[in-house]
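Visitor: My questions will all concern the structure given below.
Number of protein chains: 2
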Amino acid sequence: MVELTRRRAIEDVASDLFRDRGYAGTSIRDIARALSLQGASLYAHVTSKEDVLWAIVERAAARFEAAAAASEREAEARRPGDAVEALSALVRAHVDVLTADVDEASVFVHEWRSLGPERRATILERRDAYQHRFRTHIEEGMGVGAFALTDPSIAAMTILSALNGVAAWYDPAGRLPAHRIADHLVDLTMRMLEAPR
Amino acid sequence: MVELTRRRAIEDVASDLFRDRGYAGTSIRDIARALSLQGASLYAHVTSKEDVLWAIVERAAARFEAAAAASEREAEARRPGDAVEALSALVRAHVDVLTADVDEASVFVHEWRSLGPERRATILERRDAYQHRFRTHIEEGMGVGAFALTDPSIAAMTILSALNGVAAWYDPAGRLPAHRIADHLVDLTMRMLEAPR
């Protein structure tokens, strides 16, 4: 339990540093210093900088996936088969996960490219499956005329890129609370697809 | 002249590797190997991996800035004071620069975070000035009722994030030519702002 807490503290500090200085610009020594540890004693808890990145990326991926699945179940319970409801809920869930821990989310969004080839491939697969949720609801909505006709693949990628932008600029101490930012992004996304409002 | 050509070849190979494996995952040795050089002889041309990144990022920034300025001049000549025309032209110019050299653009979009603190600050300033162009046209359009009322700062950041997504998935050998992708993104962006079409 103490070990779990320690590992989590390491990952939180590392997320903060990776967001602030980039993964390439952060050393294990920097992480140790921020925790008031010696570099050598940090290695008792982690094997490599990439392992810390991997732990952060994996936890973030799991958070996005769980929130997306829950939002889809809830949207389906509220308005069964309603693509506009499902996509709005998915957008809101995504922004909520981004703003709930923006350091971690930012590392997930920007630094997965720094993983080694195998882990990178694993995350790419999970990202594709996640993106597929967006695309499915866009296609469903287009099929019933709720969304304007467009290229559903480009629309899904463009919406996710637009949402992920929040990771770069969101500041918990900023002028807008997280739920207002989610409102804006639901609104901008739905307009993009010309959903009836 | 030969030195310039050699430096350019180094930057092109590095862009390709940085996009493919990430900046953190690419060594000077990898760049040398891709050019069939010894690591040591590469150091006759470049001082550090970060210098190569900086050269790529600076050149990309200059391309984005020049294309944006040209698009604004041309839009102003076609339809003076028309915010919809100006923003559409800016979006198209941005996507054109992204697709014209997607390796370089991808490094600019994703890896500027890997620069050291000073260069990072310099690029952030140029990115802010660039984003300001988008925001200005959004505000102008809102002022004359051409765009729906929204938060112009969030709209500008969201549009640029949406456009930059192209750097992650564009493939010159893919199913859609670059100009069709630009059409899609102009269309999605204008819908987002509910511009009259």
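Chains as they are written, first to last, in this note's numbering: chain A, 918 to 1114; chain B, 918 to 1114. Beta carbons are placed, not taken as given, at the ideal position from N, Cα and C, and that holds for glycine.
(1) Just the Cα atoms here: how many angstroms apart are A/Gly1091 and A/Thr1016?
(2) Suppose you measure from the CA of B/Ala957 to the CA of B/Gly998; what does that come to, to the nearest Å?
(3) Counting Cβ pairs closer than 8 Å, one from the region 1003 to 1023 of chain A and one from the region 1090 to 1106 of chain A, do we hit at least three?
(4) Going by C-alpha distance, which of B/Glu1028, B/Leu934, B/Val1014, B/Arg924 is nearest B/Ala987?
(5) So, under 8 Å CB-CB, A/Val1024 and A/Arg936 are touching, yes? Tell me the CB distance rounded to an integer number of Å.
(6) Use the C-beta contact count for B/Ala983: other C-beta atoms within 10 angstroms, 16 or more gives buried, fewer gives exposed.
(7) Have a look at B/Ile1098 and A/Leu921 and give me their C-alpha separation to the nearest angstrom.
(8) Taking a Cβ distance cut-off of 9 Å, strictly less, list which residues of the region 1031 to 1061 of chain B are near chain A, in chain order.
(9) Do you know offhand how far B/Arg996's Cα is from B/Leu934's?
(10) Return the chain-ordered list of same chain residues with a C-beta closer than 7 Å to the C-beta of B/Asp1020, the five sequence neighbours on each side being excluded.
(11) With DSSP as the reference, label B/Leu1105 as helix, strand or coil.
(12) At least one CB of chain B closer than 7 Å to the CB of A/Gly998: is that the case?
(13) Looking at chain B, is there any beta carbon in it that lies within less than 7 Å of the beta carbon of A/Ile1071?
(14) Hey, does A/Tyr940 have any beta-carbon neighbour from chain B nearer than 7 Å?
(15) Using C-beta distances below 6 Å, list every residue in its chain close to B/Thr1106, excluding the 5 sequence neighbours before and after it, in chain order.
(16) Applying a beta-carbon distance threshold of less than 7 Å, which residues of chain B neighbour A/Ala1079?
(17) Buried or exposed, going by whether 16 or more other CB atoms sit within 10 Å of the CB of B/Val1061?
(18) Figure out for me which residue from A/His1096, A/Leu1080, A/Arg1108 has the closest Cα to the Cα of A/Ala1065.
(19) Are B/Ala1078 and A/Gly1082 touching if we call contact CB-CB under 7 Å?
(20) In chain B, which residues lie with their C-beta within 8 Å of the C-beta of A/Arg1108?
(21) Check each residue of the region 1016 to 1032 of chain B: if its Cβ is closer than 7 Å to any Cβ of chain A, include it; give the result in chain order.
(22) Return the chain-ordered list of same chain residues with a C-beta closer than 6 Å to the C-beta of A/Trp1029, the five sequence neighbours on each side being excluded.
(23) Please list, in chain order, all residues of the same chain as A/Ala1004 whose beta carbon is under 6 Å from its beta carbon, the five residues on each side excluded.
(24) Classify B/Ala1063 as buried or exposed, calling it buried when 16 or more other Cβ atoms lie within 10 Å of its own Cβ.
(25) Helix, strand or coil for A/Tyr1047 per DSSP?
(26) Determine the extent of the alpha helix (DSSP H) in which B/Asp1068 is found, giving its start and end residues.
(27) Please check the pair A/Tyr940 and A/Ser1031, which I expect to be a contact at CB under 8 Å, by giving their CB distance rounded to whole angstroms.
(28) Examine chain A for any beta-carbon lying closer than 7 Å to the beta-carbon of B/Trp1086, and answer yes or no.
(29) Could you please give the first and the last residue of the uninterrupted alpha helix (DSSP H) stretch that includes A/Arg1009?
(30) Mind checking whether A/Glu928 and A/Ala961 have CB atoms under 7 Å apart?
(31) Just to check my reading of the structure: A/Arg1050 and A/Glu989 have Cβ atoms closer than 8 Å, yes? What is that Cβ distance to the nearest angstrom?
Guide: In brief:
(1) On the first sequence, residue 1091 of chain A is found 174 positions in, with the first residue counted as 1. On the first sequence, residue 1016 of chain A is found 99 positions in, with the first residue counted as 1. When rounded, the distance between both Cα atoms is 12 Å.
(2) One-based indexing of the second sequence puts residue 957 of chain B at position 40. One-based indexing of the second sequence puts residue 998 of chain B at position 81. If I take the Cα positions, the gap works out to 55 Å.
(3) Yes: the two stretches touch, three or more of their Cβ pairs being nearer than 8 Å.
(4) Position 70 of the second sequence, counting from 1, holds the residue named residue 987 of chain B. Out of B/Glu1028, B/Leu934, B/Val1014, B/Arg924, B/Val1014 has the C-alpha closest to the C-alpha of B/Ala987.
(5) For this step, residue 1024 of chain A is matched to residue 107 along the first sequence. For this step, residue 936 of chain A is matched to residue 19 along the first sequence. The Cβ separation is near 6 Å, so the contact holds.
(6) Counting from 1 along the second sequence, the entry for residue 983 of chain B is found at position 66. That one is exposed.
(7) To locate residue 1098 of chain B, count along the second sequence from 1; it is residue 181. To locate residue 921 of chain A, count along the first sequence from 1; it is residue 4. Using only the alpha carbons, I get a separation of about 47 Å.
(8) Flagged, chain order: Ser1031, Leu1032, Gly1033, Pro1034, Arg1037.
(9) Taking the second sequence and counting its residues from 1, the one referred to as residue 996 of chain B is at position 79. Taking the second sequence and counting its residues from 1, the one referred to as residue 934 of chain B is at position 17. Computed Cα separation, rounded: 42 Å.
(10) Here residue 1020 of chain B corresponds to residue number 103 of the second sequence, with the count starting at 1. Counting only Cβ-Cβ distances below 7 Å, and skipping sequence neighbours, we find Ser932, Asp933, Arg936.
(11) Residue 1105 of chain B sits at position 188 when you count from the first residue of the second sequence. Judged by DSSP in its simplified three-state form, B/Leu1105 adopts helix.
(12) As a first step, residue 998 of chain A is located in the first sequence; it is residue number 81 there, counting from the start. No - not a single Cβ of chain B is within 7 Å of the one on A/Gly998.
(13) For the purposes of this step, residue 1071 of chain A is taken as the residue at position 154 of the first sequence. It does; some Cβ of chain B falls within 7 Å.
(14) Within the first sequence, residue 940 of chain A is the residue found at index 23, counting from 1. Closer than 7 Å: yes.
(15) In the second sequence, counting from the first residue as 1, residue 1106 of chain B sits at position 189. If we look at B/Thr1106 and ignore the five residues flanking it on each side, its Cβ neighbours are Val1008, Ile1076.
(16) In the first sequence, counting from the first residue as 1, residue 1079 of chain A sits at position 162. Chain-ordered, the chain B residues with CB closer than 7 Å to the CB of A/Ala1079 read Thr1075, Ser1078, Ala1079.
(17) Working through the second sequence from its first residue, we reach residue 1061 of chain B at position 144. So B/Val1061 counts as exposed.
(18) Translated into positions along the first sequence, residue 1065 of chain A becomes position 148. That would be A/Arg1108, whose Cα lies nearest to the Cα of A/Ala1065.
(19) As a position in the second sequence, residue 1078 of chain B is number 161, starting the count at 1. As a position in the first sequence, residue 1082 of chain A is number 165, starting the count at 1. Residue 1078 of chain B is actually Ser in this sequence, not Ala. Their beta carbons are under 7 Å apart, which means B/Ser1078 touches A/Gly1082 by this criterion.
(20) As a working mapping, residue 1108 of chain A is identified with position 191 in the first sequence. One finds Ala1065, Arg1108, Met1109, Leu1110, Glu1111 in chain B with Cβ atoms closer than 8 Å to the Cβ of A/Arg1108, taken in chain order.
(21) Result list: His1027, Arg1030, Ser1031.
(22) In the first sequence, counting from the first residue as 1, residue 1029 of chain A sits at position 112. The answer, listed in chain order, is Val974, Ile1040.
(23) As a working note, residue 1004 of chain A is residue 87 in the first sequence. First, the amino acid is wrong: residue 1004 of chain A is Leu here, not Ala. The residues are His1054.
(24) Against the second sequence, residue 1063 of chain B aligns to sequence position 146. Buried.
(25) What you label residue 1047 of chain A is simply residue 130 of the first sequence in a count that begins at 1. It is helical.
(26) On the second sequence, residue 1068 of chain B is found 151 positions in, with the first residue counted as 1. Per DSSP, B/Asp1068 belongs to no alpha helix (DSSP H) and is neither H nor E.
(27) Locating residue 940 of chain A in the first sequence gives position 23, counting from the first residue. Locating residue 1031 of chain A in the first sequence gives position 114, counting from the first residue. The Cβ separation is near 4 Å, so the contact holds.
(28) By one-based count along the second sequence, residue 1086 of chain B stands at place 169. Yes, B/Trp1086 counts as interfacial toward chain A.
(29) To locate residue 1009 of chain A, count along the first sequence from 1; it is residue 92. Start and end: 1000 to 1017.
(30) On the first sequence, residue 928 of chain A is found 11 positions in, with the first residue counted as 1. On the first sequence, residue 961 of chain A is found 44 positions in, with the first residue counted as 1. Contact: no.
(31) Within the first sequence, numbered from 1, the residue matching residue 1050 of chain A stands at position 133. Within the first sequence, numbered from 1, the residue matching residue 989 of chain A stands at position 72. The Cβ separation is near 7 Å, so the contact holds.
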